[in-house]
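In what follows, a structure is listed as structure tokens, so that the remarks can point back to it.
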Amino acid sequence: MLELQRCDGERPICRRCRLQPPRSHTPCKYSHLPHGVLFSREEELGADRVLLRQPYSDYASLSSNIGKPYFLLEESFQVSNTVIGPEYSEGPTNTLTPGSIEVASRDMNATRYASADSTPSLIWATRVDVFLNRFAQHQFFFLDPAELKKAVLSPVPAALSHRDVLSSGLSNTVFLWTSSISQNFIADSGYSHEDLLSQTLSAIAGDAMSIDSRHRALQIMQAEVLLSLYYMETGRFLEGPLPLEFLRLSSSLPVGADNTRSAQSINAVWSIVILNNYWVAVSGVPSSVPSGTTINTAWPAVVSSAHDANHSSSMLNFLSQDHCVDGSTNDDDSDTSTLALLADASSLLARTIVFTALYQGIDPHSVEFWALDHRLESFRERLLLQVVGGAGSAPTVQLHLISHIFVYAAILQLHSAHSAASLVSHAKCLSATNGAATCLTDARLGDWEHADPILGPLLSAFAEFLIAQLSLSIQVGPPVVLGTILSALNTLAPRSALIGTPHFLVVRPGLDPYSLDRPEKCYVATQHRYAVAQMSMKFGVYAQHYIDP
């Protein structure tokens, strides 16, 4: 079986060489490039090439054009010439090729089901059930669960059409995720997590060579989205952001008479957009999607009829039926869903992080500063019409909560640097933390089976702000607010590996990932900082009493 070889950067011997034959312990023969660099077509690396992610956008390329009332990727700091949108066609699906994804020639059968060659069908069925229990109603899963299960359990030689065939990359991604969810699966497979990850990367690279249908393209994009989410859940923050090529590929999918496939194509675009905004929030690094990119793709829409509900992707089955939270009839908002609100909210936080990083020390009374503040407050008022703890299912409630938390985190990100010197900024920060705590109280967290990993970094940011105010002896309002946030992290800890499992990085919106070198849980680390702040306050009171009784 031909494996994808990729240097992990360890010197003088990389782990790939150490774990794979001939295990010569000689210096790594693969050239090491920094994260985000693509090899050119002429560069040969043994039998394979390396599939790496594109560089992030540069802060220096951004301008201060933040007064425009547009979505981040429609018109942001700098207008881009890049236009991304679907090709509308009622005819047969065109052959699709990815933009600049570099892979080498290989035998496709060599990597098909690479991690499941000898897995019995009964065990595969159990794995698929575990996987769908986790992802069937996830906002980043846009394929049909029934089709996925049928494709996994169908023998490959008996497949009669593309719809009945599961790509090697997606099958390996399912295998990787189920091994991560259950330690029993990883023990039974005989592979380590690193082995499974390497095989998954190899399989996805092989699939990218031959994209001959929209169905196959959707499977490849689903595999990449799930892999990116896996990187986030496991705290591998430098490997997760999706490159622009996958957004171009998803947006180039023909949208025709098949409503189900059209909905999947649209949701694939926005899943990539939102997930890249997630990565901006946890790392503070600009999105790999260039600022100012125009996306000529429809908003993810709600289910419009019972027929569509029976034939749409699982994502659409649980989205809110509220077409527009502010009751307007604007064409841009008339068909938006909860997922569309999440796209807008996450982009506002991403935009705010880039703005505060680019203009550190900006005058809080400047026009640019308050233009962005006005945009955040306007969107927050729209979201107030969405009740977080409504009658919706747990996935719907979770999406509502995340949208609210994104906006409150953006307000905190914008004003926290000025809270010590500005009463207005300090009040806005406290209002944001109080709003986040209220949403957490209404969200019925105990009913959730799984938690979105993004909630860990975002809630830690609110808690750390309140803890910092405590250590500075600044009145932060009712102590119940901090207690509510810590209690929420405690409740979510067993529901997300990033929040509750050891050996993951502690992150906050806007922080440099290279400064995050202490592997701890989000919840445990936040609790530790709270205890330290309390100790500091007690010591300060004791010292003051001792010196000046």
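Numbering (the working numbering), first residue to last: -17 to 531. Just so it is clear, CB atoms sit at the ideal spot from N, CA and C, and this is done for glycine as well.
What span of residues does the alpha helix (DSSP H) with Pro435 cover, start to end? Looking at the DSSP string, Pro435 is not in any alpha helix (DSSP H), and its letter there is neither H nor E.
May I have the straight-line CA-CA distance separating Gln190 from Ile387, to the nearest angstrom? Looking at the sequence itself, residue 190 is Ala, so the reference to Gln does not match. One C-alpha to the other measures close to 36 Å.
Beta-carbon proximity of Gln121 to Leu321, cut-off 8 Å: yes
Within the same chain, show all residues whose beta-carbon is closer than 6 Å to that of Phe444, passing over the 5 residues directly before and after it, in chain order. Thr415, Ala418, Ile467
Starting from Tyr213, follow the alpha helix (DSSP H) in both directions and report where the run begins and ends. 196 to 215
Could you have a look at Ile277 and say whether DSSP puts it in helix, strand or coil? strand
Could you give the C-beta distance for Ser270 and Asn259, rounded to a whole number, given that I count them as a contact under 8 Å? The pair is not a contact, with the Cβ atoms about 11 Å apart (cut-off 8 Å).
Do the CB positions of Phe447 and Cys411 come within less than 8 Å of each other? yes
Around the Cβ of Asn278, are there at least 16 other Cβ atoms within 10 angstroms (buried) or fewer (exposed)? exposed
Our contact map puts Trp159 next to Tyr213 with C-beta atoms below 8 Å; I'd like the distance itself, whole angstroms only. Not confirmed; about 12 Å, so no contact.
Assuming Phe337 is part of the alpha helix (DSSP H), what are its boundary residues? 320 to 340
Exposed or buried, which one is His408 when buried takes at least 16 other CB atoms within 10 Å? Buried.
Rounded to whole angstroms, what's the CA-CA distance from Leu452 to Leu464? Just pull it up for me. 10 Å
CB-CB length for Val207 against Ser253, believed under 8 Å: 5 Å
Could you give the distance in angstroms between the alpha-carbon of Glu431 and the alpha-carbon of Ile384? 16 Å
By the DSSP assignment, the alpha helix (DSSP H) with Gly151 in it spans what residues? Note, Gly151: alpha helix (DSSP H), 150 to 163.
Helix, strand or coil for Pro377 per DSSP? helix
Host alpha helix (DSSP H) of Trp352 (start-end): 349 to 365
In whole angstroms, what is the alpha-carbon distance linking Ala425 and Ala470? Whole-angstrom Cα-Cα distance: 10 Å.
Measuring alpha carbon to alpha carbon, tell me which residue in Val112, Arg116, Asp111 is nearest Ser478. For the set Val112, Arg116, Asp111, the Cα lying nearest the Cα of Ser478 is the one of Arg116.
To the nearest angstrom, report how far apart Phe123 and Asn472 are at their CA atoms. Cα to Cα, Phe123 sits roughly 26 Å from Asn472.
Between the Cα of Asp429 and those of Ser401, Pro377, Ser413, Ile436, spot the shortest distance and give me the residue it belongs to. Pro377
Could you compute how far the alpha carbon of Ala332 sits from the alpha carbon of Ala325? The C-alpha of Ala325 is placed about 11 Å away from the C-alpha of Ala332.
Measuring CB to CB, does Leu200 end up less than 8 Å from Leu224? no
Leu220, DSSP secondary structure in three states: coil
Quick one: is His397 buried, meaning 16 or more other Cβ sit within 10 Å of its Cβ, or exposed? buried
Given this structure, state the Cα-to-Cα distance separating Ser149 from Leu135, to the nearest angstrom. Near 13 Å, if we compare the C-alpha coordinates of Leu135 and Ser149.
Quick check: what's the CA-CA separation for Ser401 versus His197? 50 Å
If I'm right that Pro127 touches Ala118 with Cβ under 8 Å, what's the distance once you round it to whole angstroms? 5 Å
I'd like to know whether the C-beta atoms of Ala205 and Gly151 end up nearer to each other than 8 Å. yes
Considering Ser270, what are the terminal residues of the alpha helix (DSSP H) in which it resides? Here Ser270 belongs to no alpha helix (DSSP H), and DSSP marks it neither H nor E.
Are Phe157 and Arg109 closer than 8 Å when you measure CB to CB? yes
By Cβ distance below 7 Å, which residues in the same chain neighbour Ala280 in space, the five residues on each side in sequence not counted? Ile248
Ala433 vs Leu394 beta-carbon contact at 8 Å: no
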